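To start, the structure itself, in structure tokens.
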Amino acid sequence: AQKVTQAQTEISVVEKEDVTLDCVYETRDTTYYLFWYKQPPSGELVFLIRRNSFDEQNEISGRYSWNFQKSTSSFNFTITASQVVDSAVYFCALIRGGGSNYKLTFGKGTLLTVNP
Amino acid sequence: ETGVTQSPTHLIKTRGQQVTLRCSSQSGHNTVSWYQQALGQGPQFIFQYYREEENGRGNFPPRFSGLQFPNYSSELNVNALELDDSALYLCASSDTGTNSYEQYFGPGTRLTVT
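Printed below as a string of structure tokens:
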């Protein structure tokens with residue numbers, strides 16, 4: 018069975034602070050993919066990043082960066098110099114690789130509030 | 076490129092009624108997945124359709140059913156609605172065959188059962 022845990026239910030920061038959202042996953046598969054999605058108040062899930070289990074290289078995209086560590090089964094997300102527009106619920110998700118059933122398993126999400 | 080669209084945006088139904096939700100997949104995508112998101116929770120996988128057939132199902136009862144049409148659009152049907160069915164229903168499209176595993180979500184349908 019697959020499981021994704023986002024221990025931080027809510028985080029509140031002041032604009033320009035850096036913030037890290039934690040994600041821990043469980044899977045018995047050797048091939049899998051990890052995702053982060055952003056859900057603003059409008060409700061639509063916005064794809065941010067995909068990472069496969071064989072690529073532990075960290076990634077940076079503008080103010081966003083991701084740290085994938087297989088040794089600790091973690092895939093953490095850092096926002097540098099946060100902005101009010103970053104306020105949203107962020108979900109970490111996992112999908113098994115191979116086969117034809119692409120079921121995403123989500124964590125419960127972390128509500129990030131960035132105050133001006 | 077047209078994104079994923081869903082209709083209706085909001086819906087209010089009474090317990091015991093039936094509801095149909097609709098989803099149009101993103102251009103070029105052949106697979107549609109449906110998720111239920113209760114308030115304060117992460118989305119839960121309901122089922123997936125690929126080439127008009129169910130391709131996998133989550134832990135949902137048979138009163139949740141679906142269809143996929145030749146143009147890859149899809150419907151989610153829920154019979155005998157219960158109060159706990161109140162949730163945001165999200166549709167996601169993807170392209171099985173590219174091995175990208177990326178799913179792109181629509182804006183959702185918010186269903187309220189009274």
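So the sequences go chain by chain: A and Z.
Its first residue numbered 18, the first sequence is counted upward by one per residue in our numbering.
Its first residue numbered 76, the second sequence is counted upward by one per residue in our numbering.
All C-beta atoms in this analysis are idealised placements derived from N, C-alpha and C, irrespective of residue type, glycine included.
All values reported here derive from a predicted model rather than from experimental measurement.
Proximal residues of chain Z, C-beta to C-beta of residue i below 7 Å
i       : result
A:Thr28 : A small correction: the amino acid at residue 28 of chain A is Ile; Thr does not occupy that position in the sequence shown. Correct list: empty, because the minimum Cβ distance to chain Z is about 15 Å.
A:Ile77 : Ordered by position in chain Z, no residue passes the 7 Å Cβ test against A:Ile77, which lies about 19 Å from the chain.
Exposed unless 16 or more other CB atoms sit within 10 angstroms - verdict on residue i
i        : result
Z:Gly141 : buried
Z:Glu122 : A small fix is needed here, since residue 122 of chain Z is Phe in this sequence, not Glu. Z:Phe122 comes out buried.
A:Ala105 : buried
A:Asp103 : buried
A:Ser29  : exposed
A:Gly115 : exposed
Chain A contact residues for residue i, given Cβ-Cβ distances below 7 Å
i        : result
Z:Phe180 : Glu61 and Leu62
Straight-line gap, residue i to residue j (C-alpha atoms, nearest Å)
i        : j        : result
Z:Pro136 : Z:Ala167 : 20 Å
Z:Arg90  : A:Lys125 : 27 Å
A:Cys109 : Z:Leu114 : 17 Å
A:Leu128 : Z:Leu163 : 17 Å
A:Val63  : Z:Glu177 : 11 Å
A:Gln56  : A:Ala98  : 19 Å
Z:Gln112 : Z:Pro118 : 4 Å
Z:Tyr92  : Z:Leu186 : Correcting the residue identity first, residue 92 of chain Z is Gln in this sequence and not Tyr. Roughly 12 Å between the two C-alpha positions.
Z:Leu183 : A:Gly60  : Reading off the sequence shown, one finds Gly at residue 183 of chain Z, where the question assumed Leu. Distance between the alpha carbons of Z:Gly183 and A:Gly60 is about 7 Å.
Z:Glu150 : Z:Arg132 : 15 Å
A:Glu32  : Z:Tyr147 : 43 Å
Z:Leu116 : Z:Glu157 : The sequence given here has Gln at residue 116 of chain Z, not Leu. Cα-Cα distance, rounded: 18 Å.
A:Ser88  : A:Gln23  : 17 Å
A:Arg45  : Z:Gly103 : 32 Å
A:Tyr107 : Z:Arg126 : 31 Å
A:Glu73  : Z:Ser82  : 39 Å
Continuous beta strand (DSSP E) stretch holding residue i: start and end
i        : result
Z:Arg132 : Glu128 to Arg132
Z:Thr95  : Val94 to Ser99
A:Asn84  : Tyr81 to Gln86
A:Ser104 : A:Ser104 -> no beta strand (DSSP E), and no H or E assigned at all.
A:Lys33  : Segment: none, A:Lys33 is in no beta strand (DSSP E) and carries neither H nor E.
A:Ser90  : Here A:Ser90 belongs to no beta strand (DSSP E), and DSSP marks it neither H nor E.
Z:Ser102 : It is not in any beta strand (DSSP E) - Z:Ser102 carries neither H nor E in the DSSP assignment.
A:Lys125 : No beta strand (DSSP E) holds A:Lys125; DSSP gives it neither H nor E.
Within chain Z, partners of residue i - CB distance below 8 Å
i        : result
A:Tyr50  : Tyr176
A:Arg68  : Residues of chain Z passing the Cβ test: none, with the nearest at roughly 11 Å.
A:Lys125 : Gly115, Gln116 and Gly117
Under 8 Å from the C-beta of residue i: neighbouring residues of chain A
i        : result
Z:Ser148 : Per Cβ cutoff of 8 Å: no residues; Z:Ser148 is ~18 Å from chain A at best.
Under 9 Å from the C-beta of residue i: neighbouring residues of chain A
i        : result
Z:Ser108 : Tyr119, Lys120 and Leu121
Beta-carbon neighbours of residue i, restricted to chain Z and to distances below 9 Å
i       : result
A:Phe71 : Going along chain Z, no residue has its Cβ under 9 Å from A:Phe71, so there is no contact; the nearest lies around 13 Å.
Any C-beta of chain A within less than 8 Å: which residues of the stretch 115-144 of chain Z qualify? Gly115, Gln116, Gly117, Pro118, Gln119, Phe120, Gln123, Tyr125, Asn130, Gly131 and Gly133
Output, in sequence order along the chain, the residues in the stretch 84-100 of chain A whose CB is closer than 8 Å to any CB in chain Z. none
Give the residues from the stretch 150-169 of chain Z that approach chain A closer than 9 Å (Cβ to any Cβ), ordered along the chain. Leu163, Leu165, Ala167 and Ser169
Tell me which residues of the stretch 79-93 of chain Z have at least one Cβ-Cβ distance to chain A shorter than 8 Å, keeping chain order. none
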